[in-house]
Structures are given as C-alpha cells and as structure tokens.
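Using my numbering, count along the sequence shown one by one with no gaps and you end on 439.
Beta carbons: idealized from backbone N, C-alpha and C, even for Gly.
Everything numeric in this text was worked out from a predicted model, so none of it was measured.
Below is one structure, written out as structure tokens, with a few remarks after it.
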Amino acid sequence: MTEDDRAMTEDYRARVRAWLAANDPGPVGGLPPAEHLSAAKRFQAALYAAGFAGITWPKEWGGQGLGTADQQIFAEEAAEYDLPTYPFIVNMGMCGPTLVDLGTPEQKSRYLRPLLSGEEIWCQLFSEPGAGSDVASLQTRAVRDDGGWAVNGQKVWTTNAQWADFGALLARTDPDVPKHAGLTMFIVDMHAPGVTVRPLKDMSGKAPFNEVYLDDVRIPAGAVIGEVGQGWRVAITMLGHERVSIGSSRPSRSSALSFDAVLALARRQGATDVPAHRERLAGLYAHERALELLNARMRQEAQAGRPPGARGSVAKLAGALQLRRAIEVAGELAGAGAVAWEPGDRHGDDLALGINSAPATGIAGGTNEVQRTIIGERVLGLPKEPQVDRDVPVRDLKVGTQRTEDPR
C-alpha cells in the first residue's frame with residue numbers, strides 16, 4: 032500500500048467513524064415493533080444517503096462502487112455500535128446481491144435502490160415444512176396463468192416476512208423432471224392477495240421467523256429471476272451470498288458473545304489471571320480474527336470476479352462454530368450466572384439472550400451438517416453421498432408434504 036493509499040484509507044475510516052458517532056440512534060431493541068421498524072428505516076435511509084449502503088455494489092444500481100477494504104473498514108467501525116440494521120439483513124446479504132448478479136435490467140432499476148435505502152424490505156421464501164435441508168424437494172407450485180403465474184404452497188422459517196414488501200420465492204414449475212430441475216425463482220409481492228404471514232416464536236421469546244401461506248397468489252411474467260426452470264442455479268447463488276453474509280457478520284461490541292464482551296465478563300469474574308481461562312480467551316480471539324480475515328479474503332475475491340460458490344459454506348460453518356465456542360467460554364466464566372441472575376442484571380439478560388439465540392446460526396442458511404457435506408463434496412472433492420432420487424421425476428416421488436394422488 033502506497034502512502035497515498037494509506038492516507039485515503041485513513042480518511043475514509045475517519046469519515047465513517049465521524050458519521051457513526053453523529054448518527055448512532057442508540058438502542059432501539061426495546062421499542063414496540065412498529066417504532067423499532069420506523070427507527071430502523073430512518074437509520075437505513077440515512078446510511079444510504081451518506082453513501083454507506085451498498086459500498087461495493089455497482090454505482091449504476093445505487094451502490095458506491097468502492098472496494099472490499101472500504102466495506103471492511105465500515106464493518107469494523109460499525110461493530111462499535113448496536114445499529115438497527117436487522118430488518119435489512121436479507122436485503123443486503125441475500126436478495127440484493129442476487130439481483131445484482133442475475134436480475135434483469137428492469138428488475139435492477141426497479142428494486143435495488145429502494146432495497147438499499149430501506150424503503151422496501153425483502154425476505155427469502157425457500158424452506159417448507161417438508162423441505163428444510165433438502166430444499167429441492169419443495170412442493171410449492173407455480174402454474175402459468177393469464178400470462179403470468181399462480182402460486183400455491185407454504186413456506187416456513189422465513190426471516191423478517193412480517194416486515195417484508197417483497198420476497199424471493201423458489202417454487203416448482205415442472206413436476207415432470209427431477210427435483211433440482213423444474214424450479215423457478217420469482218419476485219413475489221408480500222402484500223398481494225393470497226399471501227398470509229404468521230409469526231413463529233423461538234426460545235428467546237422473540238419471533239424473527241414466520242410461516243407464509245400462498246393461496247392462488249398471482250405473479251407477473253416479468254417477476255422471474257433468471258430463467259424459468261433454472262431456479263436451482265439462482266437458489267445456489269443466493270445461498271452462497273447468504274452463507275457468506277451469515278458467516279461474515281461481525282457481532283457488535285454490545286453482543287454478549289463477541290470476544291470483547293466475553294473478555295469483559297472474564298474481568299468482572301476476576302478470571303483473567305487463571306491460565307486455563309486465559310488460554311480459552313486467546314483461542315476465542317484467534318478464531319474470531321481468523322474468521323474476519325477469511326471473510327475479508329472472500330469479499331476481495333468476489334469483487335475481483337471470483338464468487339465464493341461452495342466456499343461460502345466454509346464461512347457459514349466457521350461463523351456458527353465460533354458462536355458455539357463463545358457460548359462455551361462464556362458459560363464457563365459465568366458459571367451459575369449463565370442460568371440464574373438477579374432481576375435487572377443487564378449482563379445476565381444479555382448473556383441469556385445470546386445463548387438462546389445462537390443455536391439458530393447453526394441451522395439458518397443450512398445446518399452445520401449440510402455445510403460439512405457441501406465442503407466435503409464441492410470444496411475438497413470427496414465422493415458424493417448416494418442420492419437415489421436425483422434422476423427421478425418429482426411427480427414419482429413421495430417426499431416432503433407431497434400427497435399420493437388418488438388413482439381414481
């Protein structure tokens with residue numbers, strides 16, 4: 032790095048730091064849902080106006096056209112704050128990047144700027160009650176109808192569907208071919224007639240997930256992402272972005288499972304002089320830093336034209352294992368305080384919420400077991416697991432929620 036490059040980097044960091052200090056909305060998590068969402072939308076709009084949303088996205092679609100180093104700087108500085116960006120994680124990490132890669136010019140022009148500015152929120156409609164890890168066995172059907180499509184089915188575990196304006200929907204358009212073929216990705220209006228969203232509470236007491244019912248939902252022909260029948264290719268692209276996004280997300284300094292928070296817990300417990308605890312803390316820091324560097328490398332490669340592909344599963348798995356490691360270390364340090372604490376003890380509340388929420392990271396975007404299979408087969412080149420149904424038309428399978436047709 033030249034002196035000029037170093038000066039530009041420090042100037043950018045100073046600008047990011049000053050803007051965050053001046054625009055931090057403070058904690059909004061305790062607000063009622065409607066107020067929380069309004070505060071989040073105001074912050075995302077300000078972020079976009081300041082040029083800190085879509086930092087590496089192309090300028091012609093509302094991004095900044097900057098490098099991954101700039102994105103990394105912003106992520107490092109933003110980790111100092113508890114920013115209300117959760118409603119937009121699917122926008123920024125999954126649907127938006129996929130539209131950048133595979134959307135039509137009309138779709139990019141219509142959706143990307145409102146997506147970046149927080150004016151419109153997106154969700155991802157993949158999993159079903161009978162199609163979780165094996166997403167390709169999904170049964171939601173899209174049938175051609177009056178120049179467009181009519182969709183019927185059910186999705187589940189849909190993050191942020193309660194807020195979403197649009198969703199990326201994976202549906203079956205041809206049951207006469209094997210399950211990975213005959214799928215198509217659509218843009219669905221979440222406010223359209225026939226779309227019903229019902230929240231699902233997790234063990235943290237919150238409801239970040241939803242089940243979504245689609246009853247004769249009409250979708251126009253221009254809402255196809257990619258090509259008809261090529262939905263699995265689009266899904267793989269989106270899942271790759273999702274896994275990198277989940278794996279590369281940095282916990283804020285306020286997160287009870289970040290290294291800084293676990294170190295602060297050790298200090299409160301007077302455990303920093305205990306050799307065993309120091310060793311665990313050092314390991315936690317080393318793994319967190321290694322994960323940051325891995326994701327920085329993947330972002331640089333993606334910007335240089337080498338998408339992460341199956342390697343995104345490495346980041347996803349590493350991020351989930353890092354949270355599990357943090358739970359173990361924090362639990363050892365807190366002792367009984369990890370399961371019982373005085374009312375009003377913010378540290379106890381935060382740690383309990385972190386511990387209860389963290390297991391979802393090992394499930395969302397594909398379980399740890401699925402990630403290991405992908406890494407083994409598609410990164411390391413190990414033999415594939417047997418798939419007896421791979422070449423069988425879906426119509427002949429009895430999978431998921433598919434019912435045996437009445438022979439009469």
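_Supposed contact pair D205 and G225 - C-beta distance, whole angstroms, cut 8 Å_ = 22 Å between Cβ atoms; not a contact.
*asked:* Could you check whether Q170 and N241 sit closer than 8 Å to each other, using their CB atoms as the reference points?
replied: no
*Which first and last residues belong to the beta strand (DSSP E) in which G179 is found?*
179 to 186
*asked:* Under 8 Å, with one C-beta from each stretch per pair, do the stretch 142 to 154 and the stretch 70 to 80 reach the 3-pair mark?
replied: yes
*For G407, which residues of its own chain have a beta-carbon under 6 Å away from its beta-carbon, when the five flanking residues on both sides are left out?*
L413
*Residue span of the alpha helix (DSSP H) that contains W50, given as start and end*: 34 to 54
*Three-pair Cβ contact test at 8 Å for the stretch 315 to 325 versus the stretch 287 to 306*: yes
_Any beta strand (DSSP E) of 3 or more consecutive residues that is wholly inside the stretch 108 to 158_ = 153 to 156
*Beta-ladder partner(s) of L231, from DSSP*: F240
*Would you identify the three-state DSSP class for I358, choosing helix, strand or coil?*
helix
*Express the C-alpha separation of A223 and R249 in angstroms, rounding to a whole number.*
8 Å
*Round the Cβ separation of G385 and A302 to the nearest angstrom and send it over; I've been treating them as touching at under 8 Å.*
So it is not a contact: roughly 18 Å between Cβ atoms.
*Provide the residue span of the alpha helix (DSSP H) that contains V293, from first to last.*
290 to 299
*Taking L428 as the reference, which of V208, I358, A307 has the closest Cα?*
V208
*Within its chain, find whatever has a CB closer than 8 Å to the CB of E436; leave out the 5 residues flanking it on each side and keep chain order.*
Summary for E436: the model assigns pLDDT 46, below 50, so the residue's position carries little reliability; its value from the coordinates is reported in the next sentence. Cβ within range, chain order: n/a, list empty.
*Taking the C-alpha atoms as reference points, what is the distance between A71 and T268?*
27 Å
*Can you tell which of V419, H272, A199, G396 has the C-alpha that lies nearest to the C-alpha of P128?*
H272
*Do V425 and G213 have their C-beta atoms closer together than 8 Å?*
yes
_Assess contact between the stretch 386 to 394 and the stretch 349 to 357, defined as three or more Cβ pairs (one per stretch) separated by less than 8 Å. Is contact present?_
yes
*Alpha carbon to alpha carbon, what distance is there between W50 and T40?*
15 Å
*Alpha carbon to alpha carbon, what distance is there between G93 and E137?*
14 Å
*asked:* Looking only at its chain, what residues have a beta carbon closer than 6 Å to the beta carbon of V59, apart from the 5 residues adjacent to it on each side?
replied: H67, A70, P115
*What does a CB cutoff of less than 8 Å around R164 pick up in its chain, not counting 5 residues either side in sequence?*
Looking at the sequence shown, residue 164 is not Arg but Ser. Closer than 8 Å at Cβ, skipping near neighbours: G397, T398, E400, V401.
_Buried versus exposed, by CB contacts within 10 Å (16 or more), D101_ = buried
*Could you pull out every residue in the same chain whose Cβ sits closer than 6 Å to the Cβ of C126, ignoring the five residues on either side in sequence?*
W153, A199
*Do A327 and Q103 have their C-beta atoms closer together than 8 Å?*
yes
*Of the residues T227, R299, K210, V166, which one's Cα is nearest the Cα of V182?*
T227
*Report the residue from P118, L143, A53, G336 whose alpha carbon sits nearest the alpha carbon of E91.*
L143
*If we ignore side chains and look at the alpha-carbon of each, how far apart do S158 and R298 end up?*
42 Å
*Measure from the alpha carbon of E359 to the alpha carbon of each residue in A383, G343, R37, then state which is nearest.*
A383
*Cβ-based neighbour list, P251, same chain, cut-off 7 Å, excluding 5 preceding and 5 following*: G179
*Between which two residues does the alpha helix (DSSP H) carrying G379 extend?*
377 to 388
*Throw me the rounded Cβ distance for the A445 and A371 pair, which I believe falls under 8 Å.*
Residue numbering for the chain in the displayed model covers 32 to 439; residue 445 lies beyond these limits and cannot be assessed.
*Looking only at its own chain, which residues have a Cβ that is under 6 Å from the Cβ of N122, when we skip the five neighbours before and after it?*
L146, W153
*Starting from the C-beta of V410, find all residues in its chain whose C-beta is less than 8 Å away, skip the five residues before and the five after it, and write them out in chain order.*
A341, R342, S344, V345
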